[in-house]
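Trainee:
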Amino acid sequence: MAPVAVEAKQNGEPKGEPKVIPTDPPALDTEGLSATEKEALVPQDERKVIFVVGLGMVGIAFIEKMLNLDTEGKYFIVTCGEEQHLAYNRVGLTEYFEHRNVDDLLLNPPSWYAKHSPSRFAYHLGETVLKIDPEAHTVHTDKNHIFKYDYCVLATGSGAGLPPFVSEEQARETAGVFVYRNIADLEKIIDYGDKDDVTRAVVVGGGLLGLEAAKAVYDLPTVPDVSIINRQAFPLSRQLDADAGEMVLRKIEAMGVSVLTNVAPTEMVTESDPETGKPVFKGFKMTDGTVHDADLVIFSIGIKPRDELARQSGIECHKRGGVVVHEDLQTSAKDVYALGEVANWKGNTYGLISPGIEMADILSFNLTQTGGHAPRKMNDPDLSTKLKLMGVDVASFGDFFADQSPYEKQLQKVDQARHQSQEAQEAAKPNGDGKKAMNGESHATVTVELDEDKKTQNGTLQQPMDKQNKPSGTSLDNPPEDGSKGDNQTAEKPDSKTVSLPKVSHSSKSARKDEPIKCLTYKDPFGSIYKKYIFSADGKYLLGGMMIGDVSDYVKLVSIVKKRKPLDMPPSQFIIGAKSGGEDDGGDLDDDVQVCSCHNVVKGQIASCVKDGCTSLGDLKTSTKAGTGCGGCMPLITGIFNAEMKKAGVEANTDLCPHFAMSRQDLFMTVKVKELKTLQEIMTTLGNEPESIGCEICKPAIGSILSSIYNEHIMKPAHIGNQDSNDKYLANIQRNGTFSVIPRMAGGEVKPEGLIVIGEVARDYGLYTKITGGVRIDMFGAKRADLPDIWERLIKAGFESGHAYGKSLRTVKSCVGTTWCRYGIGDSVGLAIQLENRYRGVRSPHKFKGGVSGCIRECAEAQGKDFGLIATDKGWNIFVGGNGGSTPRHATLFATDVPPSKVIKILDRFLMFYIRTADRLQRTARWVESFDGGIEKLKKIILQDELGICGDLEREMEKLVGTYECEWKKAVETPEIRKQFRQFINTDERVDQAELITERGQKRPADWPKNYEGIKMSTSQISTPKEQWKWIKVAHVDDLRPNEENTSHAALKYGESQLALYHVPRKGYFATQQMCPHKRAFVLDHGIVGDGPKGLYVACPLHKRGFQLETGECLNDEQFSIMSFEAREDADGTGDIEVLLPPKDALDAVLGTDKWLVKQAQSEALGLNAATQIKIVGPEGAREDEPEKAEGGGGCGSNKLEW
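The sequence shown stops at residue 1203 when you use the UniProt record's numbering, and every number in between is there.
1. Leaving out five residues before and five after E958 in sequence, what residues of the same chain have Cβ atoms less than 7 Å from its Cβ?
2. Mind the definition here: the segment 370-387 touches the segment 518-531 only if three or more C-beta pairs lie below 8 Å; say whether that holds.
3. Return the CA-CA distance between T738 and G781, expressed in angstroms with no decimal places.
4. Going straight from the alpha carbon of K937 to that of F1107, what length do you get?
5. Please report the straight-line C-alpha distance between S623 and W1029, rounded to a whole angstrom.
6. For residue 1275 and Q734, what's the separation of their Cα atoms in angstroms?
7. Work out the CA separation of V226 and residue 1265 for me, nearest whole Å.
8. Determine, using beta carbons only, whether F1070 and A1127 come nearer to each other than 7 Å.
9. Is N89 helix, strand or coil when you go by DSSP?
10. Thinking just about the alpha-carbon of each residue, which of K807, E316 and G92 is nearest to the one in L208?
11. In three-state terms, what does DSSP make of N883?
12. Would you decide whether residue 1204 is buried or exposed? Buried here means 16 or more other CB atoms lie within 10 Å of its CB.
13. Could you have a look at Y522 and say whether DSSP puts it in helix, strand or coil?
14. State the start and end residues of the unbroken alpha helix (DSSP H) segment that holds C698.
15. Would you tell me roughly how many angstroms separate the C-alpha atoms of R311 and E169, rounded to the nearest one?
16. Taking all protein chains shown into account, decide if T290 is buried (16 or more other Cβ within 10 angstroms of its Cβ) or exposed.
17. Rank V198, D196, D197 and K215 by C-alpha distance to the C-alpha of G205 and give the top, closest one.
18. How close, in whole Å, do the beta carbons of S332 and E316 come, if the pair is a contact with beta carbons under 8 Å?
19. Output needed for V551: all residues of its chain with C-beta closer than 8 Å, excluding positions within five of it in sequence on either side, in chain order.
20. Please return the same chain residues whose Cβ sits closer than 8 Å to the Cβ of P110, not counting the five positions on each side in sequence.
21. Based on the DSSP output, what are the partners of T79 in its beta bridges?
22. Please classify N688 as buried or exposed, where buried requires at least 16 neighbouring CB atoms within 10 angstroms.
23. Here's a check: name, in chain order, each residue in its chain whose Cβ is nearer than 7 Å to the Cβ of L1147, leaving out the five neighbours to either side.
24. Please identify the residue among R810, D524, N600 and F535 whose C-alpha is closest to the C-alpha of Q573.
25. Between E1164 and P1009, what straight-line distance do the alpha-carbon atoms span, to the nearest angstrom?
26. Which runs of the alpha helix (DSSP H) spanning at least 4 residues fall entirely within the segment 171-239, listed in chain order?
27. If I measure Cβ to Cβ from T94 and keep anything under 7 Å in the same chain, skipping five residues before and after, which residues do I get?
28. Which whole-angstrom value describes the C-beta separation of N348 and V325, a residue pair presumed to lie in contact below a C-beta threshold of 8 Å?
29. Go through the segment 756-833 residue by residue and report every complete run of the alpha helix (DSSP H) that reaches 4 residues or more, in order.
30. Can you check DSSP and say which residues form a bridge with G1072?
31. Which value, in whole angstroms, describes the spacing of the CA atoms of F121 and D191?
32. Please state the DSSP three-state secondary structure of I534.
33. Kindly indicate which residue of M912, Y218, D1091 and L1151 has the alpha-carbon position closest to the one of R1080.
34. For L755, count neighbouring Cβ atoms within 10 angstroms of its own Cβ and tell me buried if that reaches 16, exposed if not.
35. Using only the alpha-carbon positions, how far apart do N732 and D24 sit?
36. Distance check for K1104 and R664, CA to CA, integer angstroms please.
As structure tokens, then:
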């Protein structure tokens, strides 16, 4: 956009040739940006210029928000401020009288301006904009400069109001007359107050600004006499009722400041200066006929929007002042917006800072965040106020004069609260609907605007002006002369001699039986404390209130009013607190609650075990067998064990396992710092036994840690031995030894062509298909040898690994949002896809899931996910720590109204911190519950960067997601990996793992019986004496890929029997039967090989039965044992691997596959679980009586597993 010279007309503008200031957006500075951030930047020719008129509190707030939200680099922001100072805090003007240092008032230090790239932001001080040309899109300044813009934002604020009897010229020409608006005003007041003959000061106005001004001159040591003239019966009549105002009045008078009430000045009394002849202020004539003498006056009776620039530029202004704006804050001029005190919305202007900040929020959001989100609109702003005035803490919140409204208006207010509550309850809500949270945590929320600068604007700063909280009240141009409060009812001055004891009373303005509003009032004249809270008559809704003296509950009460939720406690508790009583810890489980279904262990057994001296989880497992079945209960078992240890006064052992004397968190950080990259390096450097190969606990944990740091392909020889059941073959192992295949469908979105390919693959390979709970399609029954071929077809159709097998991101579920839904506010599908594609493949201590809902109806169930987002009209509410499963937890509201461009930043931090600090197999729900300091501490770390690590977390996640590759694709394209999927390494033959039956038109494995009898298998059962066995060549070393970093494994076929072959670094080769006798599953070659006190063992991947490699003994279930065989590498150097075996027929007679194959008829004969029998009444031809079911997942044995 080339700068255009526009000739300046001679209508009060500076004469001379106008100078066009180039405002073409400079080339973006990309130094320090990550690859993702660079990719998000818009092309240079698409950048726009925003010109901001005014560098006050609202102007700089808007600029800050734009710089923070404009992650695409779309805008170049230029501003002019008429003062010579950088943006400063007008709320803190009174403090200037104490320190007299402008730098102490600055909202941002000069370094903040310097650090922002000139390619994004430029500013000009001491330069006033004189005219806007909306047609030419230019602004003209008093320095004869012309700036071209794409968007112009008016943030000119307001000026001080004067009474009708004083003109601006009089105020300017009369010595001793001041207003209280900026630093220049204050410096003039200080200089004038230093004169010897100036000893009496008077402030006209008893509102917020008036009391601020009074405190300022009160602090001047040279002015001992200060008075306030207030036309009302008490100060702060726009914020307080008579009782509260009277208390403030007494506090002010106690300071030695006289307050004249129910009276107003009518005329200035002046004298002529003998030297200059100009008038000098000497006092006022009053409405009661008296004269009030003074040497200095500060007018603080209100504000007037500075709309002259808009009027002169032909932009529509309201007759009572202010630039008229629409709900999107645009003025009558295209591309020109107005914010803050100068903006008039629905006939109202606002003299508080918080509505101005809200306007800055709305406009910055709409300019940067609406690509996938509905634009925000202006709503009635919150006019709550909290200030310290004349040494008194004062606060008002919500509808603080609701009780003074007419009866019909009160009914309307209560109905509105109930209506808003119905919507609010469906929207972002923390744990539970007003009931006790499942985790007992605070429900406090944090509204987040992430910025690297600690000093940012927020809605709690209040502009000290006199026109607050009554936006449509008395006009400055026509103030009431009768001492009334304008729109408010007249309040009589209380009798100052009446003394009230501290009391709590339920009262209302009038004693109607069906009164819609009731007030709860507390008044303590001794402690100068006053509280009045206004409720609906049924006590369910807090509408507003006011506080004097003690305002500690202000933030909490404002939050309650804004949320419009029904109260979960009686109104009296807001003041007198809850009744004392014993604490009820509802989070504790009863002793008879079953915590391990596999072995029917109840919580009481764990407590008893600890009392009897158990000090480790290993001892606990040995004693109770808890956690030795499927292992799914271990997070719960660990939590109970730690809690019981704490009760017993014993410090819980947080060691990862016997091989590492440190927790998973410590191990993660040490591995990261020392840059260790393999199990062997970690064991050698950090392990208790450097030569150990680990166990089924530490190996998957280390595998997860290495993937979370380096994310190398998990089937590399150095890593595959670390992987648990599913990761080992990039698919979920099923109970018959086959696998399920789940391609990724980000956000649940899939094209018809993709569905066709999935159908064709499932048909061609005879796979059972089902829609998963994570809105994906699962194909069950895939044989290991077929997996690469299946993946290859899916990849060609555009699919990739869904990582359903890993402790990693599973899915990000979404509703259709704005894509289709008429209620949609946010693009939930687009955001869900973006998040799923970002975190795909990220491995963590446990699986994690996400959800994104496009509105408060919450169709995606985001509050039941590890992270969830719900669209609001201001952005997204972020929830964390939720999950379903065996121990459901409602997610905690973590951050509210997060701009879309900041969502990923927060989630990056949260997830990376979880990966760093959680225990092994700990879901985010349990992590949040057990986090030291709770959710509030977590918010400080993630949202406020309390530990100063957020930058590190973001960089680590950026690096981690940058390493992503589709694990399926890598396996398909790498011959060395692909050949590992053969069923047997010594033959291409295929053998079924279990009988398949047909049910509802699909194939599935035969049921397991309810229980198998214990099976102890031994080579002694083979008829051929061992001395007649022979060394049989079964494979070559290349087939097994042995290495010195980790274990390797494979299955082989010998006759009709299946064997498992293992290589253990520095220990050699071992062989066992392939079948785990527990459920007759041919899966032992999938298991993790570890070492323990009794030597090397393999852990069955299905239910973690551990079998010694040398003896076949089961380490954790004496009912079972397996056959083990000697194995070796041929000594002649050919690389052949040999196993000492009997003749095939002798082995087949004992171990033949068909002998042990799970068959439906056999399972039914052994007895099935009648509890799952189903009676089906359906259309003709359907099976009317389903056979009694065996436990399809019986060995898993628990509905509490967290798969």
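C-beta: ideal position from N, C-alpha, C; glycine also.
Remember, it's a predicted structure, so these values are computed and weren't measured experimentally.
Mentor: Short version:
1. For the purposes of this step, residue 958 is taken as the residue at position 958 of the sequence shown. Hits under 7 Å: S34 and T36.
2. no
3. Taking the sequence shown and counting its residues from 1, the one referred to as residue 738 is at position 738. Taking the sequence shown and counting its residues from 1, the one referred to as residue 781 is at position 781. When rounded, the separation of the alpha-carbon atoms in T738 and G781 is 5 Å.
4. If you number the sequence shown from 1, residue 937 lands on position 937. If you number the sequence shown from 1, residue 1107 lands on position 1107. In a straight line, the C-alpha of K937 is about 44 Å away from that of F1107.
5. One-based indexing of the sequence shown puts residue 623 at position 623. One-based indexing of the sequence shown puts residue 1029 at position 1029. C-alpha separation (whole angstroms): 40 Å.
6. Nothing can be reported for residue 1275, as the shown portion of the chain is limited to 1 through 1203.
7. Because the chain in this structure spans residues 1 to 1203, residue 1265 falls outside the shown range and cannot be described.
8. Position 1070 of the sequence shown, counted from the first residue, corresponds to residue 1070. Position 1127 of the sequence shown, counted from the first residue, corresponds to residue 1127. A1127 is positioned such that its CB atom lies closer than 7 Å to that of F1070.
9. As a first step, residue 89 is located in the sequence shown; it is residue number 89 there, counting from the start. Three-state result, N89: coil.
10. Counting from one through the sequence shown, the residue named residue 208 turns up at place 208. If we check each option's Cα against that of L208, G92 comes out closest.
11. Numbered from its first residue, the sequence shown carries residue 883 at position 883. DSSP, read as helix, strand or coil, puts N883 in strand.
12. Coverage of the chain is limited to positions 1 through 1203, which leaves residue 1204 absent and any answer about it impossible.
13. Along the sequence shown, one-based indexing puts residue 522 at 522. Correct three-state label for Y522: strand.
14. Residue 698 sits at position 698 when you count from the first residue of the sequence shown. C698 -> alpha helix (DSSP H) spans C698 to I709.
15. By one-based count along the sequence shown, residue 311 stands at place 311. By one-based count along the sequence shown, residue 169 stands at place 169. Cα to Cα, R311 sits roughly 21 Å from E169.
16. Looking up residue 290 in the sequence shown gives position 290. When all chains shown are included, T290 counts as exposed.
17. Your numbering for residue 205 matches position 205 in the sequence shown. With distances taken between Cα atoms, G205 lies closest to K215.
18. For this step, residue 332 is matched to residue 332 along the sequence shown. For this step, residue 316 is matched to residue 316 along the sequence shown. About 4 Å separates the two Cβ atoms, so the contact holds.
19. The residue given as residue 551 occupies position 551 in the sequence shown. The answer, listed in chain order, is K386, D393, V394 and A395.
20. In the sequence shown, residue 110 corresponds to position 110, counting from 1. These residues qualify, in order along the chain: L86.
21. As a working note, residue 79 is residue 79 in the sequence shown. DSSP output for T79 lists V52 and Y123 as bridge partner(s).
22. Position 688 of the sequence shown holds residue 688. Answer is exposed; the Cβ neighbour count stays below 16.
23. Residue numbering aside, residue 1147 sits at position 1147 when the sequence shown is read from its first letter. So the list reads I1022, Y1054, G1055, S1057 and L1141, once near-sequence residues are dropped.
24. The residue given as residue 573 occupies position 573 in the sequence shown. Residue nearest to Q573 within the set R810, D524, N600 and F535 is F535 (criterion: CA-CA distance).
25. Sequence index remark: in the sequence shown, residue 1164 carries index 1164 (1-based). Sequence index remark: in the sequence shown, residue 1009 carries index 1009 (1-based). Rounded to whole angstroms, E1164 to P1009 spans 7 Å at the Cα level.
26. 183-193 and 208-218
27. Your numbering for residue 94 matches position 94 in the sequence shown. E212, K215 and A216.
28. As a working mapping, residue 348 is identified with position 348 in the sequence shown. As a working mapping, residue 325 is identified with position 325 in the sequence shown. Cβ atoms of N348 and V325 stay farther apart than 8 Å, at about 11 Å.
29. Every alpha helix (DSSP H) of 4 residues or more that sits fully in the segment 756-833 is shown, in chain order, as 787-796 and 817-820.
30. Walking along the sequence shown from the start, residue 1072 turns up at place 1072. Just to set this straight, residue 1072 is Thr in the shown sequence, not Gly. A1060 and S1124.
31. Your numbering for residue 121 matches position 121 in the sequence shown. Your numbering for residue 191 matches position 191 in the sequence shown. Distance between the alpha carbons of F121 and D191 is about 36 Å.
32. Translated into the one-based positions of the sequence shown, residue 534 becomes position 534. It is a strand residue.
33. For the purposes of this step, residue 1080 is identified with residue 1080 of the sequence shown, where counting begins at 1. Residue nearest to R1080 within the set M912, Y218, D1091 and L1151 is L1151 (criterion: CA-CA distance).
34. For the purposes of this step, residue 755 is identified with residue 755 of the sequence shown, where counting begins at 1. Exposed, by the Cβ-count rule.
35. Against the sequence shown, residue 732 aligns to sequence position 732. Against the sequence shown, residue 24 aligns to sequence position 24. If I take the Cα positions, the gap works out to 56 Å.
36. Position 664 of the sequence shown, counting from 1, holds the residue named residue 664. Position 1104 of the sequence shown, counting from 1, holds the residue named residue 1104. Between R664 and K1104, the C-alpha separation is close to 21 Å.
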